[in-house]
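Working notes, structure below.
Protein chains in written order, with this note's numbering: chain A, 390 to 886; chain B, 390 to 886.
Structure follows, in structure tokens:
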């Protein structure tokens with residue numbers, strides 16, 4: 390980012406791409422947020438939000454070619470991956486259209502009056518309503534799915550909140566093109582975008598901003614979280630931060646399918662040049678698996694990382710690991726040589742040495758770098774799992790004869806991980822009703838919430854209870870006749886249409 | 390509180406009551422929290438939590454006589470009110486037993502695999518699970534319902550979290566007696582209690598404490614909120630803080646039922662010596678209502694406040710109001726003279742003068758003090774309502790011929806209040822499924838959550854998603870056969886038993 394604006398680059402060459410996008414001044418941020426605040430009441434009350442989200446999905450699909458080629462130049466993530474990611478992004482908008490049409494997200498709850506209980510109960514009707522203007526900090530590594538029109542934006546718009554996006558500096562041109570499409574579909578003011586680090590800080594502190602969604606590093610997330618909590622009026626801050634995503638391979642699985650596991654691990658580790666928040670950076674496995682793992686990672690290709698800073702940070706991370714007295718470098722894959730390219734790496738450490746330096750060895754090294762922690766005694770494995778901090782995912786590979794041990798591992802990992810994977814790999818996050826993409830600190834700043842899946846909408850909604858209001862003044866969701874035909878809870882019993 | 394411990398007092402006389410309860414040292418706090426952390430896995434997995442909560446309710450009811458007489462001596466709230474409050478507290482425990490038996494609180498959600506969508510979807514099963522040890526800061530003004538065995542404790546225990554209570558210094562003997570009953574029913578370690586301000590600070594910062602519930606002042610709550618958010622691992626902090634609970638009387642209602650409204654207001658304002666978080670401290674009304682209001686408040690009795698400090702703070706609050714150039718004291722009720730007794734007060738200010746100094750005139754003055762803001766133009770009323778900050782409640786009194794205006798007022802108040810009351814008074818909070826007791830800052834630190842009602846349990850639960858696990862390793866709530874027969878969402882559709 391220069392003083393004139395946010396400059397995009399081509400990671401494959403390291404050269405500038407396009408003109409800088411101007412940084413947004415503080416007074417411009419104020420104008421964008423104020424417009425969003427003015428648009429809030431009408432958007433919150435709009436009955437066609439599902440249709441608007443569907444139109445937005447269609448409009449993005451219609452511009453797929455331009456969006457994908459821009460993003461490919463600016464991120465080097467490749468056309469096939471970006472094609473899938475854009476489809477996932479538009480399907481995500483369509484899922485939220487379904488979520489709001491289904492209507493459960495409002496949690497409509499009606500209690501009849503009861504003068505005889507203690508304390509006496511009047512007519513009470515509870516519903517969730519949108520919070521107000523939401524700030525969304527988009528991610529470097531998903532230029533579509535976690536960016537301008539990504540999950541935070543889709544869920545916030547669906548809830549009835551206007552959105553102001555802070556574009557990520559790694560893909561200003563992709564952000565601008567996406568924003569153009571979004572603005573062409575949404576009502577005036579409901580969507581805005583700002584550019585530059587200072588604009589982001591101003592956004593989080595703006596009195597009219599009522600919640601923040603963030604995807605990024607632990608350091609950057611913590612700084613903005615502290616700003617949000619330090620405001621005169623603190624606001625909810627939903628940050629998805631770093632995660633090492635431990636994988637445990639149990640002994641029988643390691644013995645019976647070593648080649649398949651090694652290939653699967655190397656693929657998951659190096660997918661998207663390791664730039665996934667669910668990248669499996671830590672693998673607990675028997676020593677016997679190390680040769681196969683080294684062969685697979687050694688045969689894997691790297692590629693250009695998203696930014697020069699990420700490339701530098703990856704190189705210094707793997708260098709620092711390599712100099713750790715207890716860590717051995719066991720494989721180096723190939724880079725493709727150009728621009729900000731890096732090569733995959735695999736390191737090994739014994740579980741005893743790992744246990745002696747858990748904090749250092751569980752620092753996320755963003756990119757295609759993994760550590761295999763070799764164990765022999767499952768009891769020691771369970772002991773060490775107890776030391777791990779919050780992660781987005783944790784994975785177990787187990788054969789049918791070791792389900793009892795798998796259950797014991799499960800008891801440990803469910804304490805610290807948001808998604809528990811069995812005999813599969815953590816990369817790839819389905820967008821659905823049952824998905825949870827979150828976890829305890831430092832995986833996120835808000836363990837109760839998810840940034841992917843239907844329940845992500847709940848981040849932007851707060852309850853309100855109507856006591857003894859005339860039916861005609863109630864929101865339709867709470868009126869006696871249930872005109873929207875949504876699921877409701879009535880005197881404690883859930884009633885589906 | 391003395392250096393040896395927390396001394397209880399009799400507010401009616403100002404004299405010490407009982408021996409000081411020893412303050413809890415930092416190492417004792419650590420021991421209590423560690424015991425709770427050890428008890429967590431078994432309590433989280435316990436299948437008899439509903440039965441335990443019911444037994445606890447019965448045990449408290451069985452000790453009602455001692456508990457109520459201790460609390461009456463220590464709080465001066467009176468036996469009738471305390472009898473109702475204890476009953477409400479035990480009914481609250483019974484409600485949470487129902488909530489966990491009904492099972493929706495787990496939000497069990499199952500998505501079938503679908504390899505054809507983008508991205509492909511594996512078998513995903515989402516459920517809410519308890520966070521870990523919960524710290525509960527009990528309130529001064531509800532020695533039962535918001536204290537040791539109150540709503541925070543009941544909901545956290547129901548969720549599967551152990552609880553460590555920080556007793557309020559206004560009623561150490563009541564706290565100790567209640568804790569004795571709770572400890573006699575709950576499994577070892579699941580419940581603990583600490584005493585003293587320093588113990589509270591240590592508790593919030595203890596690494597094994599995973600969430601905090603708090604009821605109290607904005608100043609005290611903000612200080613603890615800042616501690617909780619400033620931890621290396623920030624944790625959810627659910628604080629219920631100050632609230633002025635505005636009431637709006639529309640013109641026709643004021644004209645047609647002035648006497649009834651004045652009596653109702655005075656009762657609501659002076660109930661429990663005004664020491665309710667839902668106390669209506671601000672009343673918007675036509676000038677014509679002021680004489681009746683003054684007569685009613687002037688005829689109302691005060692009483693002893695809970696602590697000497699609250700009495701002092703009330704006196705300095707009303708003194709400061711009386712010296713405000715735009716404010717007129719229109720009524721003073723009677724005190725009962727003894728101990729920490731105070732008299733109700735009613736002040737008047739025009740809506741123009743109110744609009745010129747909203748911040749000062751909406752400071753909560755805890756106790757039986759109210760301000761009537763007189764208006765003539767409903768448009769100006771709507772304008773001023775736009776300036777108000779978060780409150781637990783907001784109330785409208787309207788006659789049938791002014792429902793349209795009531796709807797316009799509703800549009801303003803639902804932005805800032807958690808419960809919207811029509812033609813009734815805000816004091817008295819029913820404990821039920823549809824209750825919401827919360828609101829935007831400064832009413833609470835967490836606008837998405839409630840400290841009263843069935844959904845209060847959600848504060849202590851975080852989601853986890855199981856991907857592709859064998860049925861036998863899943864929690865029963867997620868197994869194919871649904872052995873607990875609870876409501877679940879299956880491929881997006883809510884299915885009730």
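A virtual CB, placed ideally from N, CA and C, is assigned to each residue, including glycine. A quick note: this is a predicted structure, and the numbers were derived from the prediction, not measured.
Task: Unbroken beta strand (DSSP E) run spanning residue 851(A), endpoints - done: 850 to 856
TODO: Determine the burial state of residue 608(B): buried for a count of at least 16 other Cβ atoms within 10 Å of its Cβ, exposed for fewer.
DONE: exposed
- [ ] Scan the stretch 807 to 820 of chain A for residues whose Cβ lies nearer than 9 angstroms to a Cβ of chain B and list them as they occur along the chain.
- [x] 807, 808, 809, 810, 811, 812, 813, 815, 817, 818, 819 and 820
Task: Rounded C-alpha distance that separates residue 812(A) from residue 873(B) - done: 27 angstroms
TODO: Take residue 551(A) as the anchor and find which of 426(A), 445(A), 771(A) and 434(A) has the nearest alpha-carbon.
DONE: 426(A)
Open item on the list: Which of the three DSSP states is assigned to residue 820(A) in this structure?
Closed with: coil
TODO: Within the same chain, show all residues whose beta-carbon is closer than 6 angstroms to that of residue 490(B), passing over the 5 residues directly before and after it, in chain order.
DONE: 439
Task: Backbone secondary structure at residue 540(B) - three-state DSSP - done: helix
Open item on the list: Within the continuous alpha helix (DSSP H) that includes residue 562(B), where are the two ends?
Closed with: 561 to 574
Open item on the list: Taking 6 angstroms as the limit between beta carbons, can you name the residues of its chain near residue 523(B), skipping five residues before and five after?
Closed with: 545, 550, 552, 600 and 849
Task: residue 815(A) (DSSP reduced to helix, strand or coil) - done: coil
Task: Simplified DSSP assignment, three categories, for residue 505(A) - done: coil
- [ ] Kindly indicate if chain A contains any beta-carbon less than 8 angstroms away from that of residue 587(B).
- [x] no
Task: Beta-carbon spacing of residue 428(B), residue 574(B) below 8 angstroms - done: no
Open item on the list: How far does the beta strand (DSSP E) with residue 524(B) in it extend, from its first residue to its last?
Closed with: 522 to 526
TODO: Whole angstroms is fine: what's the gap from residue 860(A)'s alpha carbon to residue 784(B)'s?
DONE: 16 angstroms
Task: Own chain residues within Cβ distance below 6 angstroms of residue 631(A), not counting five before or after - done: 607, 753 and 831
Task: Cβ-based burial, residue 862(B) [other Cβ within 10 Å; buried from 16] - done: buried
Task: Rounded Cβ spacing between residue 679(A) and residue 763(A) (contact assumed at less than 8 angstroms) - done: 6 angstroms
Task: Nearest-angstrom Cα separation, counted from residue 595(A) out to residue 618(A) - done: 12 angstroms
Open item on the list: Just to confirm, is the Cβ distance from residue 722(B) to residue 691(B) under 8 angstroms?
Closed with: yes
- [ ] Tell me whether residue 801(B) is buried or exposed, calling it buried when 16 or more other Cβ atoms sit within 10 Å of its Cβ.
- [x] buried
Open item on the list: With distance defined between alpha-carbon atoms, name the residue in 590(B), 657(B) and 572(B) nearest to residue 689(B).
Closed with: 657(B)
Open item on the list: Cβ closer than 8 angstroms: which chain A residues qualify as neighbours of residue 476(B)?
Closed with: 507
Task: Spatial neighbours of residue 408(B) in its chain, beta-carbon cut-off 6 angstroms, leaving aside the 5 residues before and after - done: none
TODO: Would you kindly work out how many angstroms separate the C-alpha atoms of residue 747(B) and residue 777(B), rounded to a whole number?
DONE: 8 angstroms
TODO: Return the CA-CA distance between residue 498(A) and residue 825(B), expressed in angstroms with no decimal places.
DONE: 11 angstroms
TODO: Could you name each continuous beta strand (DSSP E) segment of 3 residues or more that falls completely within the stretch 611 to 693 of chain B, going from the start of the chain to the end?
DONE: 626 to 629, 635 to 638 and 671 to 674
TODO: Give me the Cβ distance between residue 729(B) and residue 881(A), rounded to the nearest whole Å; I'm assuming they're in contact under 8 angstroms.
DONE: The Cβ separation is near 41 angstroms, so there is no contact.
Open item on the list: With H, G and I counted as helix, E and B as strand and the rest as coil, what does DSSP make of residue 395(B)?
Closed with: strand
Task: Below-8 angstroms beta-carbon distance, residue 888(A) vs any chain B residue - done: It is not possible to answer for residue 888(A), since the shown part of chain A is limited to 390 through 886.
Task: Contact list for the stretch 467 to 495 of chain A against chain B, Cβ threshold 8 angstroms - done: 473, 476, 477, 480, 487, 491 and 493
Open item on the list: Rounding to the nearest angstrom, what Cα-Cα distance links residue 654(B) and residue 869(A) in this structure?
Closed with: 30 angstroms
Open item on the list: Tell me which residue opens and which closes the alpha helix (DSSP H) that residue 802(A) is part of.
Closed with: 792 to 802
Task: Nearest candidate by alpha-carbon position, reference residue 745(A), set 430(A), 756(A) and 716(A) - done: 716(A)
- [ ] Report, in whole angstroms, the separation of the C-beta atoms of residue 627(A) and residue 602(A), which I expect to be a contact under 8 angstroms.
- [x] 5 angstroms
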